[in-house]
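Respectively, the protein sequence lines represent chains L and D. Numbers 1 to 398, taken from this note's numbering, label the letters of the first sequence in order. Numbers 1001 to 1500, taken from this note's numbering, label the letters of the second sequence in order. Note that beta-carbon positions come from the ideal geometry of N, C-alpha and C, so glycine has one too. This report concerns only the one structure given below.
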Amino acid sequence: MESITPFPKTATHPRAARATTLPWTVATMLLGSTSIIVGLIWDISWHMTIGRDTFWTPAHMAVYLGGVLAGLSGGWLALHTTFAGTADERAVTVRFWGFRAPLGAWVAIWGALAMLTSAPFDDWWHSAYGLDVKIISPPHMVLAAGMIAIQIGAMLLVLALQNRAAAGETGGESRVLGTAFLYAAGVVLLMLASVLMEDSYPNAQHGAHFYRASCLVYPVLLAAVARASRLRWAATKTALFYTVLSLAMVWILPLFPAQPKLAPINLPLDHMAAPLFPLLLIVPACTIDLILQRRSGTGARRARWWTAPLLATAFLALFLAVQWPFSKFLLSPAAQNAVFAGDRHWDYSRVPGDWMTQYWHKNRPPMTPRAAGAAWLIAAVSAQVGLGLGAWMARVQR
Amino acid sequence: MRALIPWRLSVLAILAILWVLVLFPSSAHAHVGSPNVFFEGSAGPWPVRIIVRPPAVIPGLAEIAVRVKEGSPARIQVQPVQWKAGLKGAPPPDEARPVRGDQGLWSGQLWIMTAGSYSVRVKIDGPAGEGVAVVPVAAVRTRTLGMQRTMSLVLAGLGLLLVAGAVTLVGAAVRESVLPPGEEPDLRRRRWARATVVGAAILLTLAVLGGRKWWASVDAEARENLYQPLHIATAARRAGDGRLLSLVIDDPRWHEGDHSPLTSDHGKLMHLFLLREPALDTLAHLHPVPEDESQDRFEVSLPRPLPAGRYRLYADIVEETGFAETLTSTVDVPSLTRGIPAEGPIGPRPDPDDSWRTGGAGDGALEGGFAMTWEHDAQPLRANRETELRFAVRDASGQPAALEPYMGMLSHAVISRDDGKVFVHLHPVGSFSMAAQEAFEREGDNMPGMDHGMSGMSGITTNEISFPYEFPQPGHYRLWVQVKSAGAVRTGVFDADVRP
């Protein structure tokens, strides 16, 4: 029966806390989270290739589906637990304006509401300032906050299950939950990378801005995950999920024929544009795991005052060590193929030229030692916040 | 459900006030002028009138209305062609659809993605054959948008809900999320939760204020990028026994960026219209010439009959890219010298196509005993309503006067609202610039069966002229209609009240 209960019972049935399968609400939430990121990347490719869209494009549908799945399963959880929940079900919830539901459900509901709010706001924005002049705009940020909230909600739901399952247990049951948590985190990582896309072209990867932005966003998540997970190599696996999802989009989208439908078409395209090749985050992630893992068994070490600076140093050094030369490769003719898609992530309005295979320096601060220092400082703060968040996440029960 | 306790209420109240402050309503800018483009002519075998209503924000949607005056086309396609990208870089055409309840009217929409020179290609297919018309459009940002009250209230409500929700989430996370199942939070944990709620409210408020600043900067940038015609400095002075008007394009943007050299429209680099303030009792249609190749300084001799006074000045120019604009200014014209001629250069010789008319709206009397009648029905003119301005010309004996081309056109009309906020230079073929159309043709945007909107010009023997137009705003307008007959340019002056 467990597979159809909205949320596993706990207190009176201790065994029940160790869910044998993912509860459907959690599975739906993870599906919604995936649908959103797939829809988002698809939509960006759509804008780069076809340009013109309507409310009803398949990419938009995927995003709405994700919002609806998350909103409905979160909403169902809240209504069910509040009005028809057993004492056991209510025991693993938090209170929100008189209603009760697991924290992850509330975060996802909030996300769905934020996505809903962004719709009229974005529509007005288009008529006031023109259609999507920039990806990073206030209404898009409200939308992105909603999407990320849904993905974090999914992550928190799994996390609570994982943590309630017997602590320290590494066998079968909690392995499913632990992996589901890392998958949810991988989706969040891909979402963050997608938000940073405009700053993450290989051409920008010798500039200070790319490293500062990366140091702000990635260490916090990777450190938190590594700390909160009950599995070994948690950050690495999270980065792996990010890489696999990302590669799937890079390889699948350009298989579909498509044609620009807006003028000026400076770059004739006949297939969907590819997203950017994934960042090699897996390397610094691996090091974060090495630093945070206990030598024996699983789980995180206690963080010391020097942990965050150490993480920052490792993250920045390794990220620089791999991404700096790799970007050079991505800009080379060797990457201009279906595997690396080095030449397939340009939109129809780009005027082809040498700039496509050169590093961009105009109006962009270079990566000087001083800029590296600033990036390191950002990474240290980010890692410290991540460690704190991770410590909290490791204890989330509801 | 527990009632909200006071501290929580106060947090919400503070958030609400801040939130209302955030949604600053920006005032709507009514744009000035007459942005819609009219085309009257034919697309191959199809006689058509095309109206292009460009978007006020860019990227934005242009509305295309195609009225087919004869026959039933099977298909009409519209396509935007941006100057730099050309036909090669144009997207596949879009289908226009017949408008229900209005026989012969088709409509379509096109995305205009960048500011600058565009042309809209209208392709008509049907039993009569295939034809193409090209309508040049200068796409410019002309307004930003204010937010409607209901909209801002809805958004403010949702935004407040989101902020309050986020704050509550943080509180719930701290208060209960890490407790073992079933355990109630103790007092310490509750206090701690309250403190974080306040902290989160402060942080979120800062984030919202940051968002407001961001929004304001986007708004300011949008306002800055609104279309501003090139700035000109003008002066009129006595020269010899006449007067000279000089016009300098002193805008720093003129020789940089997207601007290109001027091209001639009806054989002239500049069509300059002078309207005497405040009564609009004099019109001059002159053709200044540039001093040198830089095309910075233009000069023109002012016709002797032009009375002294302050004039509104509108200078129509077309760039090689087909981008047409109207530069505006005012100028004080001195009276003619009496006695000793003024010193200094006397300036260029007057252009034989220069013309002028003094006097207000009358009964349609033209120079030399000719007469012009405005043939309109009893229906009042209304703003934003498609209309046809029809005029007939008779000679001194009351017979229909044979019209001759005046600078390649059967007629030129100038329409201005009394406050000067609307000004348009029209021809029977519409309001687009012929030079712009030619520019697009030079760039290969040409096809067999394409019409230049000049039909009816060759071998015409008519005394009637008509102009397609839509008055953009209500108000009191003056119209000057210029024709050439018996070797002389003659100008009829009319007034029109346009209702909302």
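Cross-chain neighbours of residue i in chain L, by beta carbon under 7 Å
i              : result
residue 1176/D : 94, 95, 398
residue 1492/D : Per Cβ cutoff of 7 Å: no residues; residue 1492/D is ~41 Å from chain L at best.
residue 1232/D : Within 7 Å Cβ-Cβ: nothing; residue 1232/D doesn't reach chain L, min ~28 Å.
Inter-residue spacing [alpha-carbon to alpha-carbon] between residue i and residue j
i              : j              : result
residue 178/L  : residue 158/L  : 8 Å
residue 1465/D : residue 1411/D : 7 Å
residue 378/L  : residue 218/L  : 11 Å
residue 312/L  : residue 389/L  : 16 Å
residue 1223/D : residue 1147/D : 15 Å
residue 61/L   : residue 1326/D : 45 Å
residue 1445/D : residue 54/L   : Because the pLDDT at residue 1445/D is just 49, under 50, the model does not fix this residue reliably, and the point stays unresolved.
residue 318/L  : residue 281/L  : 9 Å
residue 1252/D : residue 316/L  : 45 Å
residue 161/L  : residue 90/L   : 14 Å
residue 392/L  : residue 1212/D : 32 Å
residue 1491/D : residue 1431/D : 19 Å
residue 1324/D : residue 1270/D : 11 Å
residue 1077/D : residue 1042/D : 15 Å
residue 1299/D : residue 1311/D : 16 Å
residue 57/L   : residue 63/L   : 10 Å
residue 1402/D : residue 1056/D : 41 Å
residue 1001/D : residue 100/L  : Only weak support is given to the placement of residue 1001/D: the predicted model assigns it a pLDDT of 38, under 50, and the value that follows is read from those uncertain coordinates. Between residue 1001/D and residue 100/L, the C-alpha separation is close to 10 Å.
Cβ-based burial, residue i [other Cβ within 10 Å; buried from 16]
i              : result
residue 86/L   : exposed
residue 1383/D : exposed
residue 1025/D : For residue 1025/D, the predicted model reports a pLDDT of 34, less than 50, meaning its position is unreliable and no value from the coordinates is stated.
residue 289/L  : buried
residue 47/L   : buried
residue 1385/D : exposed
residue 1180/D : exposed
residue 1144/D : buried
residue 1484/D : buried
residue 180/L  : buried
residue 1279/D : exposed
residue 1040/D : buried
residue 1267/D : exposed
residue 1318/D : buried
residue 1470/D : buried
residue 1487/D : exposed
residue 351/L  : exposed
residue 136/L  : exposed
residue 338/L  : exposed
residue 251/L  : exposed
Neighbouring residues, chain L, relative to residue i (Cβ below 8 Å)
i              : result
residue 1082/D : 263, 264
residue 1226/D : The premise fails here: residue 1226/D is roughly 11 Å from chain L at the closest Cβ pair, so nothing lies under 8 Å.
Short Cβ contact (9 Å threshold) for residue i with residue j
i              : j              : result
residue 1283/D : residue 1236/D : no
residue 1257/D : residue 1138/D : no
residue 1369/D : residue 1304/D : no
residue 109/L  : residue 66/L   : no
residue 347/L  : residue 273/L  : yes
residue 144/L  : residue 222/L  : no
residue 1479/D : residue 1038/D : no
Within chain D, partners of residue i - CB distance below 8 Å
i             : result
residue 227/L : In chain order: nothing, as chain D lies at least about 14 Å away.
residue 23/L  : Those within 8 Å of residue 23/L in chain D number zero; the least Cβ separation is about 15 Å.
Where residue i meets chain L, residues with beta-carbon distance less than 9 Å
i              : result
residue 1160/D : Going along chain L, no residue has its Cβ under 9 Å from residue 1160/D, so there is no contact; the nearest lies around 10 Å.
residue 1144/D : 128, 129
Residue of the options minimising C-alpha distance to residue i
i              : options                        : result
residue 275/L  : 291/L, 306/L, 308/L, 198/L     : 198/L
residue 1229/D : 1482/D, 1307/D, 1161/D, 1328/D : 1328/D
residue 103/L  : 1059/D, 1075/D, 1166/D, 1103/D : 1166/D
residue 1115/D : 293/L, 129/L, 392/L, 106/L     : 129/L
residue 1408/D : 1287/D, 1434/D, 1047/D         : 1434/D
residue 310/L  : 150/L, 382/L, 51/L, 185/L      : 382/L
residue 193/L  : 267/L, 163/L, 277/L            : 277/L
residue 279/L  : 266/L, 254/L, 244/L            : 244/L
residue 1489/D : 1045/D, 1357/D, 1036/D, 1061/D : 1357/D
residue 1197/D : 1048/D, 1121/D, 1173/D         : 1173/D
residue 1092/D : 1104/D, 1110/D, 1098/D         : 1110/D
Contact test: residue i Cβ vs the ligand ADP heavy atom, cutoff 8 Å
i            : result
residue 28/L : In the structure shown, the ligand ADP is absent, as is every other ligand, since no ligand is present at all.
Contact set between residue i and chain D, taken where Cβ atoms lie within less than 7 Å
i             : result
residue 302/L : Here the premise fails: no neighbours, minimum Cβ distance about 17 Å.
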